[in-house]
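Enquirer: The sequence shown begins at 94 in my numbering and counts up by one. From the three backbone atoms N, C-alpha and C, an ideal C-beta is built for every residue, glycine too. Computed from a prediction, not measured in an experiment: that's the story for all the values here. For reference, the structure I am asking about is given below.
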Amino acid sequence: MCRVSVPLPVRLVGVVTAGLLALALHVGWLVTQYGLLALPLGAAALLAALSVYGTALAALARRAGRPAFWTGMALAALGLLGPVALLAWPEARVAVRFAVERPAFEAVAALWREDRLPAADGYLGARLPGPLCFVSANCHVTSFGPDVLYVPDRLGIPDDSQGYAYFAGEVDSGPYDGYGMLICPEIRLSERWWWMGRC
94 MCRVSVPLPV
104 RLVGVVTAGL
114 LALALHVGWL
124 VTQYGLLALP
134 LGAAALLAAL
144 SVYGTALAAL
154 ARRAGRPAFW
164 TGMALAALGL
174 LGPVALLAWP
184 EARVAVRFAV
194 ERPAFEAVAA
204 LWREDRLPAA
214 DGYLGARLPG
224 PLCFVSANCH
234 VTSFGPDVLY
244 VPDRLGIPDD
254 SQGYAYFAGE
264 VDSGPYDGYG
274 MLICPEIRLS
284 ERWWWMGRC
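Structural data, given as structure tokens:
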């Protein structure tokens with residue numbers, strides 16, 4: 094059996110690209126957690142990524158063969174253009190994030206349906222278990238009555254949010270109280286899941 098060795102610079106570029114894509118998919122979490130600091134933190138992440146890309150691609154150009162260099166270039170292009178596309182086209186970001194993390198969203202819905210979430214922790218709702226915390230921007234989910242589970246993707250200041258909703262029954266056009274902002278089902282993601290945006 095032939096083993097293919099992937100050069101370290103290509104692996105570094107791949108890890109940085111995965112990090113930038115994850116950051117773009119979870120931009121709502123970044124804004125929720127850091128508020129106005131989200132922009133400089135994102136810029137710092139981009140500068141760090143550019144530094145790694147430049148160093149790794151220079152090393153590949155000097156020492157590695159053409160396939161490794163072009164693989165590194167393709168990954169770097171994906172790492173730079175992918176997040177820009179996801180942030181410029183929010184509908185795509187919403188759909189891609191849901192598709193990539195659907196098992197986690199379904200696990201949260203299963204906990205809710207089976208009444209295995211802890212009691213509501215005040216205004217924000219029930220706290221998610223640690224391994225599923227990343228699904229929500231603030232590690233909490235809430236219900237809009239007995240048939241709708243709401244998973245915030247972003248919470249703003251002073252009080253507003255957008256996020257994902259699981260409808261156990263018929264989809265009602267709303268509006269719903271998204272922590273102070275009226276939100277309605279906007280993008281259908283699956284039979285039961287919808288993106289909730291401003292009405």
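Do three or more CB pairs link the stretch 152-166 to the stretch 264-280 at distances below 8 Å?
Expert: No: the two stretches stay apart, fewer than three of their Cβ pairs being nearer than 8 Å.
Enquirer: Out of 280, 247, 255 and 242, which one is the CA nearest neighbour of residue 262?
Expert: Position 169 of the sequence shown, counted from the start, is the residue given in the question as residue 262. Checked all of 280, 247, 255 and 242; the closest Cα to residue 262 is 242.
Enquirer: Quick one: what's got a C-beta closer than 7 Å to residue 228's C-beta in the same chain, skipping five residues either side?
Expert: To locate residue 228, count along the sequence shown from 1; it is residue 135. So the list reads 194, 197, 198, 201, 221 and 244, once near-sequence residues are dropped.
Enquirer: Should residue 259 go down as buried or exposed, given a rule of 16 or more other Cβ atoms within 10 Å for buried?
Expert: Along the sequence shown, read from residue 1 onward, the residue named residue 259 stands at position 166. With 16 or more other Cβ atoms within 10 Å, it is buried.
Enquirer: Answer with buried or exposed for residue 146, where buried requires no fewer than 16 other C-beta atoms within 10 angstroms of its C-beta.
Expert: Sequence index remark: in the sequence shown, residue 146 carries index 53 (1-based). Label assigned to residue 146: buried.
Enquirer: Taking only three categories from DSSP, how would you classify residue 191?
Expert: Here the question's residue 191 lines up with position 98 in the sequence shown. Helix.
Enquirer: Could you tell me which residues DSSP puts in a beta bridge with residue 111?
Expert: In the sequence shown, the residue the question calls residue 111 occupies position 18. Note: residue 111 sits in no beta bridge, so no partner.
Enquirer: By DSSP, does residue 156 sit in helix, in strand, or in coil?
Expert: Here the question's residue 156 lines up with position 63 in the sequence shown. It is helical.
Enquirer: What is the DSSP secondary structure of residue 285, reduced to helix, strand or coil?
Expert: Position 192 of the sequence shown, counted from the first residue, corresponds to residue 285. Coil, per DSSP.
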